[in-house]
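Enquirer: Each step along the sequence shown adds one to the number in the numbering used here, with nothing skipped, and position 199 is 207.
For every residue, glycine included, the Cβ atom is placed at its ideal position computed from N, Cα and C.
What you are looking at is a predicted structure, and each value in this text was computed from that prediction instead of being measured.
The structure is given below, and queries will be raised subsequently.
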Amino acid sequence: MQAQRAVSLQRKLVKTSVFSSIAAGLISLLLLLGISVYQTMHLQDEIMDEISDMLLLADISQSSGKQIDELSDQFDIHYRLIYAGQTLTQSEDAEKAVFQYLASHHAQPGYSLLWHKHVLWRVYVQHESGMTLYAVQPVDVRFEEILSTAAGYMAVLAVLWCLQWLMVHFSVKRQFKSIHALSHQIAEKSADDLEPIISPEPQLAELQPMVQQLNYMLERVKQALLAEQRFTADASHELRSPLSAIQMRVQVLKRKYQEHPQLPAELMQIQQDVSRGTQVLENLLLLARLDPSNPADLPKTAVDLADVTHEALQALAPFMQRKNIEAALDVSPSPVFANSELVFTCLRNLIDNAIRYAQDHGKLRIYAGETEHHALWRIEDNGSELTDEVLARLGERFYRALGTQTQGTGLGLSICRKIIELHQGKIAFSKSALGGLCVQISLPKLQ
Numbered sequence: 009m010q011a012q013r014a015v016s017l018q019r020k021l022v023k024t025s026v027f028s029s030i031a032a033g034l035i036s037l038l039l040l041l042g043i044s045v046y047q048t049m050h051l052q053d054e055i056m057d058e059i060s061d062m063l064l065l066a067d068i069s070q071s072s073g074k075q076i077d078e079l080s081d082q083f084d085i086h087y088r089l090i091y092a093g094q095t096l097t098q099s100e101d102a103e104k105a106v107f108q109y110l111a112s113h114h115a116q117p118g119y120s121l122l123w124h125k126h127v128l129w130r131v132y133v134q135h136e137s138g139m140t141l142y143a144v145q146p147v148d149v150r151f152e153e154i155l156s157t158a159a160g161y162m163a164v165l166a167v168l169w170c171l172q173w174l175m176v177h178f179s180v181k182r183q184f185k186s187i188h189a190l191s192h193q194i195a196e197k198s199a200d201d202l203e204p205i206i207s208p209e210p211q212l213a214e215l216q217p218m219v220q221q222l223n224y225m226l227e228r229v230k231q232a233l234l235a236e237q238r239f240t241a242d243a244s245h246e247l248r249s250p251l252s253a254i255q256m257r258v259q260v261l262k263r264k265y266q267e268h269p270q271l272p273a274e275l276m277q278i279q280q281d282v283s284r285g286t287q288v289l290e291n292l293l294l295l296a297r298l299d300p301s302n303p304a305d306l307p308k309t310a311v312d313l314a315d316v317t318h319e320a321l322q323a324l325a326p327f328m329q330r331k332n333i334e335a336a337l338d339v340s341p342s343p344v345f346a347n348s349e350l351v352f353t354c355l356r357n358l359i360d361n362a363i364r365y366a367q368d369h370g371k372l373r374i375y376a377g378e379t380e381h382h383a384l385w386r387i388e389d390n391g392s393e394l395t396d397e398v399l400a401r402l403g404e405r406f407y408r409a410l411g412t413q414t415q416g417t418g419l420g421l422s423i424c425r426k427i428i429e430l431h432q433g434k435i436a437f438s439k440s441a442l443g444g445l446c447v448q449i450s451l452p453k454l455q
């Protein structure tokens, strides 16, 4: 299942504000257009009324006739006055086709709209004293001014929207500085820094409950870590002494009763169990020491993985001889900047793990090399084939693959994983071409 993409609250606030402004501007534009259309239609109809009243006067003076022509030219209003089928007067550029259409269809008195020859006309017809007046005007003439006004209004809105976007963007960004500062504080928290979070200035009331809960959680985590480390260290130290004493007594009993036919074998089994318990305690102590470690405070020096590999193999040579394990080496200088003791512990654990799970007279294959930016180290064994479920759980504390009939604590790979993490490296488990497990680690190369 894919994780949902995170949403930027800052970007969402800016978008919401700008989109709200755009919506308000568009609604205002629609209202303006509606009011303008109504007012323009009403005004133009009044002008047509005025022209009609002037034409229907009994005596049209020269001044009134001139005024009619000016109104007609200015507002593109065409008129024709008919009496007894004869045209008494008409505008200079009268639309004869429209007037003929109106006369032939006996247009009703009053205002109406007419679609004629792909042009929408506003028509006014009036009958009075045997005379008939036709006045027409293209509707698009009425809207030219409205469209011009709307275009200007849209240009102003566009400029205002751009200015608002800039203002909102910088304003929200400034207000989010407190949130970014808080996020930075949270991101810097680690096992070594569980001190309470300090609310950045200016303090936001909406963030205070979250800050309080985070500080409460940090305090609980701090107490839990301290309790875990204290318990692990105390328990390991308290149990180490009695286990050592038991092991010494078992050795004494083995020497004392070595002639007894069955007792030495049983004592050997007890000694192995005690040794395993001691190893568990040593590993727990190591994990307790590693858990709170800060990678920046870890003492480091130049370490060659090839040299560490030879040292680990030399330390485990008796174990390999007992199982007749053959190791094929392909190692070349692989310098890293790391803690030499921890790297040795890691490689020794991995080789020891491979020897334990390899078959008698088995094979190991060890590689050490480097790429452009990383040093690589890999070990493969010919042990039992592992399932994907087992591979996924390798590295968990106290986890051991069932059915291997091999003694172990289940902490070796967990320690290795922790050591590699402390060095900003990676560890991966996969199936080996030899049939068993393949473990590969990658560490930043020494520059």
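Could you tell me the distance, in whole angstroms, from the CA atom of E429 to the CA atom of E349?
Expert: Computed Cα separation, rounded: 15 angstroms.
Enquirer: Take A314 as the anchor and find which of F345, H114, P341, L41 has the nearest alpha-carbon.
Expert: For A314, the nearest C-alpha among the options comes from P341.
Enquirer: State the start and end residues of the unbroken alpha helix (DSSP H) segment that holds R401.
Expert: Counting along the chain, the alpha helix (DSSP H) containing R401 begins and ends at 396-401.
Enquirer: Taking all protein chains shown into account, decide if H369 is buried (16 or more other Cβ within 10 angstroms of its Cβ) or exposed.
Expert: The residue is exposed, with fewer than 16 neighbouring Cβ atoms inside 10 Å.
Enquirer: Would you be able to state if there are at least three C-beta pairs under 8 angstroms between the region 81-101 and the region 129-146?
Expert: Yes: the two stretches touch, three or more of their Cβ pairs being nearer than 8 angstroms.
Enquirer: Given a threshold of 16 other Cβ atoms within 10 Å of its Cβ, counted over all protein chains shown, does Y46 qualify as buried or as exposed?
Expert: Exposed, since its Cβ has fewer than 16 Cβ neighbours within 10 Å.
Enquirer: Please give the ranges of any alpha helix (DSSP H) in the region 299-373, keeping only runs that are unbroken, at least 4 residues long and fully inside the region.
Expert: Listed in chain order, the complete alpha helix (DSSP H) runs (minimum 4 residues) inside the region 299-373 are 313-323, 325-331, 348-365.
Enquirer: Let me know if F107 comes out buried or exposed under the rule of 16 or more other beta-carbons within 10 Å of its beta-carbon.
Expert: F107 should be labelled buried.
Enquirer: If G444 and N390 are in contact, beta carbons under 8 angstroms, what's the gap, nearest whole angstrom?
Expert: Going by Cβ atoms, the distance from G444 to N390 rounds to 5 angstroms, so yes, they are a contact pair.
Enquirer: Whole angstroms are fine: how far does the CA of T140 sit from the CA of Y119?
Expert: Distance between the alpha carbons of Y119 and T140: 14 angstroms.
Enquirer: What's the gap between the Cα of G411 and the Cα of V398?
Expert: For G411, the predicted structure reports a pLDDT of 42, less than 50, and the residue's modelled location is therefore unreliable. The matter cannot be settled from this model.
Enquirer: Using a Cβ-Cβ cutoff of less than 8 angstroms, which residues in the same chain neighbour P307 once the five nearest sequence positions on both sides are dropped?
Expert: Closer than 8 angstroms at the Cβ level, and outside the excluded window around P307, lie N347.
Enquirer: Please report the distance separating the alpha-carbon of T414 from that of F184.
Expert: With a pLDDT of 49 at T414, under the threshold of 50, the predicted position of this residue should be treated as unreliable, though the coordinate-derived value follows. Rounded to whole angstroms, T414 to F184 spans 57 angstroms at the Cα level.
Enquirer: Mark M328 as exposed unless 16 or more other C-beta atoms lie within 10 angstroms of its C-beta, in which case mark it buried.
Expert: So M328 counts as buried.
Enquirer: List the endpoints of the continuous alpha helix (DSSP H) containing A441.
Expert: Counting along the chain, A441 falls outside any alpha helix (DSSP H), and DSSP gives it neither H nor E.
Enquirer: Could you tell me if E203 is buried or exposed, where buried requires 16 or more neighbouring beta carbons within 10 angstroms of its beta carbon?
Expert: Exposed.
Enquirer: Taking three-plus beta-carbon pairs below 8 angstroms as touching, is the region 130-137 in contact with the region 46-64?
Expert: Contact between the region 130-137 and the region 46-64 is present, because at least three Cβ pairs lie under 8 angstroms.
Enquirer: Taking contact to mean 3 or more Cβ pairs, one atom from each stretch, closer than 8 angstroms, check whether the region 24-38 and the region 92-99 are in contact.
Expert: No contact exists between the region 24-38 and the region 92-99.
Enquirer: Pull up the distance between the alpha-carbon of L89 and that of L63, whole angstroms please.
Expert: The alpha-carbon atoms of L89 and L63 are separated by roughly 7 angstroms.
Enquirer: Going along the chain, which residues of its own chain have a beta-carbon closer than 6 angstroms to the beta-carbon of M49, five neighbours each way excluded?
Expert: Nothing meets the Cβ criterion.
Enquirer: Go ahead and label D312 buried or exposed: buried means 16 or more other beta carbons lie within 10 angstroms of its beta carbon, across all protein chains shown.
Expert: The residue in question, D312, is buried, as its Cβ has 16 or more Cβ neighbours within 10 Å.
Enquirer: Count the other CB atoms within 10 Å of the CB of K426; is the residue buried (16 or more) or exposed (fewer)?
Expert: Burial call: buried.
Enquirer: Please tell me whether W169 and S29 are closer than 8 angstroms, where the distance is taken between their beta carbons.
Expert: Their beta carbons are under 8 angstroms apart, which means W169 touches S29 by this criterion.
Enquirer: Helix, strand or coil for A111 per DSSP?
Expert: Three-state DSSP puts A111 in a helix.
Enquirer: Suppose the cutoff is 7 angstroms on Cβ atoms and the five residues either side in sequence are ignored; what does the same chain contact list for P210 look like?
Expert: Same-chain partners within the cutoff: S186.
Enquirer: Suppose only complete runs of 4+ residues qualify. What are the alpha helix (DSSP H) ranges in the region 205-263, listed by chain order?
Expert: The qualifying runs do not exist here; there are none.
Enquirer: Are the C-beta of R386 and some C-beta of chain D separated by less than 8 angstroms?
Expert: In the displayed structure, chain D is absent; only one protein chain is listed.
Enquirer: I'd like to know whether the C-beta atoms of A376 and K453 end up nearer to each other than 8 angstroms.
Expert: Their beta carbons are not under 8 angstroms apart, which means A376 does not touch K453 by this criterion.
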